[in-house]
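Accompanying notes for the structure given below.
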Amino acid sequence: MKNLIFIILALFVSTSIIAQDTVATKKENKNKSLLGYFILNDSRPQTTYEGGMIIENQTSYMPSAKTLELMIQHRFGSMENGISDIFGIYGTANTRLALNYSITNWLQVGFGTTKNYKLQDFSLKANLLRQTKDGKSPVDVTYYGNFSIDARDESYFGEDYQFNNRAAFFNELLVSRKFCDWFTMSFGGSFTHFNQVDSLYEHDKIALHFIGRVKFSPQSALIINCDLPLKIQGIAEWSEFTNPPKYNFGFGYEVTTATHVFQIFAGSATNLSPQYNVMKNQDDFFKNIDNVFIGFNISRVWNF
């Protein structure tokens, strides 16, 4: 019942703010990135995305300097029980709340807290290069890093407990391009490391990431994401992979306004942390409905 109340309130707030902001337009960031020295002074950055996330993945979007962003991410339970629990709304859910702050037009820092694992995470995003409207810079290049701490009781970490057993790290380099007014796509590569894992699991994982956005109206778009953890024997700690992580796939619908982004979607990852999605996801989206979860993201920005 708590989950149902949560979604009703979230949808009510989202539809209210969308109605209020329909006539507003987003301010375009005309400032340079970290590598702006390589872009001519009259080259304005292209707006590749209108929000900081697509389902589970980061985008190259960066709010202008001195902007605070609130991010709400929620994933319902599995759809396996069908209508009896309203396709997961009554099931076990996971939620993350985060605040991100743009220090400059190309650098953002953030902090988030997640229900599962009681994760506390710290993030950094930097736009290293921006796609320009005149085509002199054809792509965005973005770095995203995330450091998380598992804040559960130390009994979860075994007899030889040390504080650094709680830590996990995620580093990604993302390349994005807006091909036309209605289609944007990104490709990324990441490295994940866990200081402590269960026996027979790996400490390190390399993954590929794909996201896409197809805009079909001034405020609406179809969105898609996919994460592919790779089986690389050269960094493996065992001769055979035991319960290797599954790919994560999701698709959905996005609505944007001047200050808000609302996404609703179906996907196979529920951890709400990139390193945990890469390392621990065991749900195969296309295998059966048991592995599909409904979720939503809501973001709101304030410029100071």
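In my numbering, the protein residues as written are 39 to 342.
Think of the CB as a built atom: it goes at the ideal place given N, C-alpha and C, for glycine as much as any other residue.
Computed from a predicted structure; not experimentally measured.
Residue burial classification, residue i (beta-carbon count within 10 angstroms, cutoff 16)
i: Tyr155; result: buried
i: Ile270; result: exposed
i: Pro176; result: exposed
i: Asn326; result: exposed
i: Leu167; result: buried
i: Leu268; result: exposed
i: Pro283; result: buried
i: Asp159; result: buried
i: Pro312; result: buried
i: Trp144; result: buried
i: Leu212; result: buried
i: Gly89; result: buried
i: Ser193; result: exposed
i: Asn263; result: buried
Alpha-carbon spacing of residue i relative to residue j, whole angstroms
i: Gly290; j: Gly333; result: 9 Å
i: Thr86; j: Phe208; result: 23 Å
i: Ile127; j: Arg82; result: 44 Å
i: Tyr75; j: Arg204; result: With a pLDDT of only 40 at Tyr75, under 50, the local geometry of the prediction cannot be trusted, and the value read off the model is given with reservation. Cα-Cα distance, rounded: 40 Å.
i: Thr97; j: Tyr182; result: 9 Å
i: Gln146; j: Ser122; result: 42 Å
i: Val252; j: Val299; result: 15 Å
i: Leu162; j: Asn184; result: 7 Å
i: Ile244; j: Tyr314; result: 13 Å
i: Glu94; j: Asp172; result: 31 Å
i: Leu108; j: Gln234; result: 30 Å
i: Phe125; j: Trp220; result: 31 Å
i: Lys153; j: Gly129; result: 14 Å
i: Asn69; j: Thr180; result: Low local confidence applies: a pLDDT of 46 at Asn69 is under 50, so the model's placement there is unreliable, with the coordinate-based value given in what follows. Rounded to the nearest angstrom, the two C-alpha atoms are 16 Å apart.
i: Gly272; j: Ile302; result: 38 Å
i: Asn286; j: Gln257; result: 26 Å
i: Asp321; j: Thr308; result: 9 Å
i: Asn319; j: Ser306; result: 8 Å
i: Ser323; j: Glu197; result: What sits at residue 323 in the sequence shown is Phe, not Ser. If I take the Cα positions, the gap works out to 36 Å.
i: Ala296; j: Ser255; result: 15 Å
Cut-off 8 Å between Cβ atoms - residues of its own chain near residue i, not counting five sequence neighbours on either side
i: Phe217; result: Met223
Contacts around residue i, its chain only, beta-carbon distance under 6 Å, and the 5 residues preceding and following it disregarded
i: Gln111; result: Arg134, Leu310 and Asn335
i: Ala189; result: Lys156 and Gln158
i: Asp242; result: His231 and Ile273
i: Ser186; result: Leu157, Asp159, Ala206 and Ser311
i: Gly148; result: Ala136, Asn138 and Ser161
Other residues of its chain near residue i: CB distance less than 7 Å, five sequence neighbours each side excluded
i: Leu238; result: Trp276 and Thr280
i: Ser8; result: Residue 8 falls outside the range modelled here, since the chain spans only 39 to 342, and no answer is possible.
i: Glu118; result: Ile327 and Asp328
i: Glu240; result: Ala274 and Glu275
i: Ala259; result: Arg251, Val252, Lys253 and Glu292
Residue i Cβ short of 7 Å to the ligand FMN heavy atom set
i: Asp178; result: As far as ligands go, the structure on display features none, and thus does not contain the ligand FMN.
Uninterrupted beta strand (DSSP E) stretches inside the segment 91-165 (no shorter than 3 residues): 105-116, 132-140 and 145-152
Cβ contact check for the segment 129-144 and the segment 102-120: 3 or more pairs under 8 Å: yes
Alpha helix (DSSP H) segments (min. 4 residues) lying fully within the segment 155-229: none
Unbroken stretches of the beta strand (DSSP E), 3 residues or longer, contained in the segment 273-325: 286-294 and 298-305
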